[in-house]
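**Student:**
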Amino acid sequence: MAQQRPTLSHTLWSPIDTVKDVADSLGLSDLNDETSRNLAMDVEYRIHEILEQAIKFMRHSKRKTLTTNDISKALKILNVEPLYGYDVSRNLNFKEALVGNGQTLYYIDEEELDFEKLINEPLPKVPRLPNFTAHWLAIEGVQPTIPQNPLISDIKQILPIQRGAITNILTTESSYQQSSNQTSNEVNDTTQTKNNINQSSTSDKDIEIKPLVKHVLSKELQLYFNKVIQALSNQSDDENALNLKNAALSSLRSDPGLHQLVPYFIQFTSEQITHNLNNLGILSTMLELIYSILSNDNIFLDPYIHSLIPSILTLLLAKRIGKVEKDDNLQDDDAHLAVREFASSLLEHVCKKFSKNYSTLKPRVTRTLLKAFLDSNKPIGTVYGSLIGLRIMGNEVVRFTLLGNLKSWSTIYLDNASEKDQKLLIATLIKILQNLKTDLNLSDEMEVELSEQELEKLSNRIGNTLSKAISNEKDSKLIYDAIFFGDLE
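Sequential numbering of the sequence shown, starting at 3, is according to the working numbering.
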């Protein structure tokens, strides 16, 4: 019996016959069986290697169909010259043709091109290699008008609720109903002002409108924000309401993952402070909210400090906090002063923690406090707030900004104030001047009275009213030395 020929390939095509046919087409008719067998095995190995690499590209592209692009990339990795002439954009149509001896031949049905038309067509642009460029999605919350970002006309066509506006995401339907129930006079006034604005804006064609950044919150964060606002807005003395309020503040102090809600809480705080200056309970709650956000170590607050400072300064320097009507009840005054002292402590915390990153923070705050202190038309609450604000800025600020202005301020403002206001301001100033003793390494054991010359010198420096009040203190000599510390005789 004739010995069976071993199987040399597991493919559907005959590798030996194929190699011989190719060799005949190249004029190599004397190729023996052993050589063709080895060539067929090597060709089959190379084809398997190319297919394995191409399948990797197909899988990484999340596809189930192998394309000619995958084959070209596989050839490029294997340092083989890639194929040309295959258009991936359209499917390849294979047709069948019969050749001699009943053999079937498959070929690609390609369209015929006019050679003259092909020559006269302009050459296509050379494809550029893939590269990466960086651009700003947003700068300080505003998208720059560059080709990579959406156009202004496209953004205007999007509904406001889909733009990610703060008021549209977090405002409930009731607020829209309240805004729709305005009186007809207000509507007429607003429409008239809008017409005036539109007339003036049409003439200014060079005005650049910066689109809003799309900022979409998840439903969980929206629910959390609404629950916290509801708990903080409830000012009832019910035990359940107080527990919810404390739980909300505790969550703000410790929970991570609240970065996206920081600007919303800051805007909520500023709105509540602006519209509820007569409600001490809400103002105290807003200060506790700011303190809780500042205490959370998981939140990066550096970009939002300049948005928090106005709310704190408002409660520190506002003209009137609490009830509008004047009342001699001391409890209202104590609560009103307590809110200002709480705001000053928050201001001190912010300046100590963030002044290293923002070198202009303390000078700007000091300038605002000094301006409020020197304004003779300001009420007692604003002056008291400016004094305790300058106190937390440090002894150096007190020496350079406060001591030189005390005499003129005492003559213009302090001497004309009521007896009750004088007591409050003098007590506050004495505490500030007593803090200057820390610059001197002196003890408070010895009580020495001021001489007439020292009292006159002190009066020329800070005014008669303040000098008399300081002379009645036990440590008047130490306060005197602290005020004139470093002065040349």
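Positions of the beta carbon are idealized from the N, C-alpha and C atoms, including for glycine.
1. Nearest to residue 72 by alpha carbon, out of 401, 83, 58?
2. Mapping DSSP to helix, strand and coil, what is residue 413?
3. Enumerate in chain order the residues of its own chain whose CB-to-CB distance from residue 100 is below 7 Å, with the five nearest sequence positions on each side excluded.
4. Is it right to say residue 138 is buried, meaning 16 or more other beta carbons lie within 10 angstroms of its own, or is it exposed?
5. Helix, strand or coil: which one does DSSP assign to residue 144?
6. For residue 577, which residues from the same chain have a beta carbon less than 7 Å from its beta carbon, with the 5 sequence-adjacent residues on both sides left out?
7. Whole angstroms are fine: how far does the CA of residue 277 sit from the CA of residue 288?
8. Is DSSP giving residue 430 helix, strand or coil here?
9. Less than 8 Å between the beta carbons of residue 275 and residue 313, yes or no?
10. Look up residue 182 in the DSSP assignment and say whether it is helix, strand or coil.
11. Does at least one heavy atom of the ligand MN sit under 7 Å from the Cβ of residue 20?
12. For a test of the three-state rule: what should DSSP assign to residue 531, helix, strand or coil?
13. Below 8 Å, can you find three or more Cβ-Cβ pairs linking the segment 478 to 486 to the segment 459 to 467?
14. What residues in its chain sit with their C-beta under 6 Å from that of residue 474, if we drop five residues either side in the sequence?
15. In whole angstroms, give me the CA-to-CA distance for residue 225 and residue 231.
16. Using DSSP's beta-bridge definition, name the partner residues of residue 96.
17. Cα separation between residue 20 and residue 133?
18. Verify whether the separation of the beta carbon atoms of residue 339 and residue 371 is less than 8 Å.
19. Distance check for residue 36 and residue 109, CA to CA, integer angstroms please.
20. State the Cα-Cα distance for the pair residue 154 and residue 130, rounded to the nearest angstrom.
21. In whole angstroms, give me the CA-to-CA distance for residue 323 and residue 161.
22. With a floor of 4 residues, list each alpha helix (DSSP H) that falls wholly inside the segment 284 to 367, ordered by position along the chain.
**Tutor:** With the given structure in hand:
1. 58
2. helix
3. 106
4. exposed
5. strand
6. Examination of residue 577 is not possible in this model, given that the chain is present from 3 through 491 alone.
7. 12 Å
8. helix
9. yes
10. The predicted model places residue 182 with a pLDDT of 43, which falls under 50 and marks its position as unreliable, so this point remains unresolved.
11. Looking for the ligand MN in the displayed structure turns up nothing, as the structure carries no ligands at all.
12. Within the shown structure, residues of the chain are numbered from 3 to 491, placing residue 531 beyond reach of any answer.
13. yes
14. none
15. 10 Å
16. 110
17. 43 Å
18. no
19. 30 Å
20. 29 Å
21. 40 Å
22. 307 to 319, 332 to 356
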